[in-house]
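First up is the structure itself, then whatever we jot down about it.
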Ligand SMILES: Nc1ncnc2c1ncn2[C@@H]1O[C@H](COP(=O)(O)OP(=O)(O)O)[C@@H](O)[C@H]1O
Ligand SMILES: Nc1ncnc2c1ncn2[C@@H]1O[C@H](COP(=O)(O)OP(=O)(O)O)[C@@H](O)[C@H]1O
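Protein chains in written order, with the working numbering: chain A, 1 to 149; chain B, 1001 to 1149; chain C, 2001 to 2116; chain D, 3001 to 3116.
If you want it as structure tokens, here you go:
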């Protein structure tokens, strides 16, 4: 099935400063609300955006200290899905080498972190990560209406 | 005298949400500090950025609800000036028709506001406003080293 | 400039309730841990975290709460949560936290459930 | 999510001092005005605003302070400021506020200067 066309798109470039993830998540919330998503789904999108931004802030080491966020509403006659791409020009990483966190181990481990990507995947309907030495882009989507739920 | 070349440039696109002006002003502060401006001047730049952002948030009515900020460090061998352009795609206004606020009147007036542009002009070394029906851009600069002071 | 997390403590006979207000990020998590570890040091074994006033958390903040869970297992105590937003509850489920810390819908249910 | 302005009041025999902590924006200005108008309503005629804990203000917040100055002129009272950052002081100069409200470097100077 071909992807639906873009009905609306907003692009932000945000400085990596403390709490900027909260501002980013607010814009996502506003877009999701405008397409009449349920409040629970809006909140899930918000949390996923928060986590993805924090990853760029913390791990990318991007020299320009900014993160690019493109929010797109896709649909034919009506909004169907919200797609959010969060991009940095940092060092990148190999997603396939990130170990899946397990609570039984984390409880005892010294490093208790490592949950961001798992949470993003759990909260969003689709998640794709592209990363190499020129940076990282995480593209994540949420459908407005239930899909296999 | 021709303008010095751009040594470094950062462009942000920020959503018009509460307190975003503070985040914008922090990025300006970081750029100014990196070019070794005095702390008093940095603080003046910060306040001017705050005011210009608030104007776009409040008055532009821009449909995309974002403000574009370009921060440029200009100089030849060393950073000489910080130029900040704050742009919105809102309704615009006629700067020449804005009445200069006077404290003697404002004390008694019902509307006590109208100080933003005056403060910006007072704190920055150069200020230029371009505005028409397609939006407003305010370009303001601060020299690192004294200039006729 | 972000509002820092506010933490309030209600120490009762049989358990202590920690109320949070605001964003549980790194600093917020640290603040909760500070208060909870003080309680534990003073002999408290049952701690309820009432997150009614918290609408957003991040994974760094939650990671710090895992330290608390670890400590509670060590001393054979009980840590529980109540009044989570649906997204925070879902996040805890995704992480598997609910195996180690009970989640209650509201405070009365938590207080009753943590007895005995 | 921005930290809202904290306002603390020290009511003395001969004047009241309002301390601020945080960003004086719209809401911050309103909060100062609320506290100051309450003081004025209870008969206070000398109010010192100590902005030691305030590093940023915006013109909307300051506009609200102009309402306070207006009120003080009406009741023949005194409003003064102390402990301003150089930029806030410069901003007050640009606006001409200093003609209507005295600006002191520090609190002792203000307390001495507002007597009599
Ligand atoms: N934008 C990014 N740039 C570089 N590395 C990243 C980025 N996002 C994630 N990573 C890598 O993936 C790991 C796992 O991330 P995550 O699951 O969010 O947990 P945490 O951030 O707590 O480590 C990080 O530790 C980091 O090594
Ligand atoms: N970005 C903008 N878009 C549209 N109008 C603007 C913009 N900036 C300033 N203005 C106009 O200029 C006027 C004066 O602005 P200013 O001096 O900052 O005071 P205030 O914002 O308190 O009114 C505003 O009331 C508004 O009409």
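Just so you know, even glycine gets a beta-carbon here, dropped at the ideal spot from N, CA and C.
For residue 1083 (chain B), no alpha helix (DSSP H) encloses it; the enclosing beta strand (DSSP E) starts and ends at 1079-1088. Not flagged as an interface residue toward chain A: residue 1127 (chain B), since no C-beta distance is shorter than 9 Å.
With a cut-off of 8 Å on Cβ pairs, the segment 1089-1101 of chain B is not in contact with the segment 1027-1042 of chain B, counting fewer than three such pairs.
Taken from the Cβ of residue 92 (chain A), at least one heavy atom of ligand 1 lies inside 8 Å. By the Cβ criterion, the segment 125-145 of chain A is not in contact with the segment 1016-1029 of chain B, since fewer than three pairs of Cβ atoms, one from each stretch, lie closer than 8 Å. Exclusion of the five residues before and after residue 3089 (chain D) leaves 3103 as the residues of its chain whose Cβ lies within less than 8 Å of its Cβ. Residue 126 (chain A) counts as exposed, since fewer than 16 other beta carbons sit within 10 angstroms of its beta carbon.
When C-alpha distances from residue 2005 (chain C) are compared across C:2085, C:2022, C:2112, the shortest belongs to C:2022. Non-local C-beta neighbours of residue 1124 (chain B) in its own chain, meaning closer than 8 Å and more than five positions away in sequence, comprise 1044, 1045, 1048, 1140, 1141, 1142, ordered along the chain. For residue 2082 (chain C), the uninterrupted beta strand (DSSP E) run begins and ends at 2078-2082, by DSSP.
Contact between residue 1010 (chain B) and residue 73 (chain A) does not hold, since their C-beta atoms are separated by about 28 Å, which reaches or exceeds 8 Å. Taking C-alpha positions only, residue 7 (chain A) is separated from residue 87 (chain A) by approximately 21 Å. With 16 or more other Cβ atoms inside 10 Å of its own Cβ, residue 1079 (chain B) counts as buried. Residue 3021 (chain D): member of the beta strand (DSSP E) spanning 3016-3021, first to last residue. Residue contact check for residue 1054 (chain B) against chain D: a CB pair falls below 9 Å. Pairing residue 2107 (chain C) with residue 2064 (chain C) gives a Cβ-Cβ distance that is not under 9 Å. Against chain C, the beta carbon of residue 84 (chain A) has no neighbour under 9 Å; the closest one sits roughly 16 Å away. Secondary structure at residue 106 (chain A): helix, using DSSP grouped into helix, strand and coil. By the Cβ rule, the segment 3076-3092 of chain D does not count as touching the segment 2084-2098 of chain C, because fewer than three pairs are nearer than 8 Å. The beta carbon of residue 1101 (chain B) falls within 9 Å of a beta carbon belonging to chain D, placing the residue at that interface.
The beta carbon of residue 2031 (chain C) does not come within 9 Å of any beta carbon belonging to chain A, so the residue lies off that interface. With fewer than 16 neighbouring CB atoms inside 10 Å of its own CB, residue 3042 (chain D) falls in the exposed class.
If you check the C-beta of residue 55 (chain A) against ligand 1, you find a heavy atom less than 8 Å away.
Beyond the five residues adjoining it in sequence on each side, residue 132 (chain A) comes within less than 6 Å, by CB distance, of 92 in the same chain, given in chain order. Note on the segment 3059-3112 of chain D: whole beta strand (DSSP E) runs with a minimum of 3 residues are 3078-3082, 3102-3104, in chain order.
A Cβ-Cβ contact shorter than 9 Å links residue 1055 (chain B) with residue 1116 (chain B).
Annotation for residue 2051 (chain C): 2020, 2081, 2083, 2084, 2088 place their beta carbon closer than 7 Å to its own, counting only its chain and skipping 5 residues before and after. Counting along the chain, the unbroken alpha helix (DSSP H) around residue 1040 (chain B) starts and ends at 1039-1059.
Look at residue 3096 (chain D): its C-beta is under 9 Å from a C-beta on chain B.
Nearest to residue 14 (chain A) by C-alpha distance, out of A:89, A:112, A:118, A:119, is A:89. Within the same chain, Cβ atoms closer than 6 Å to the Cβ of residue 70 (chain A) are found at 11, 85, the five residues on either side in sequence being excluded. Between residue 2054 (chain C) and residue 2017 (chain C), the gap from beta carbon to beta carbon reaches 9 Å or more.
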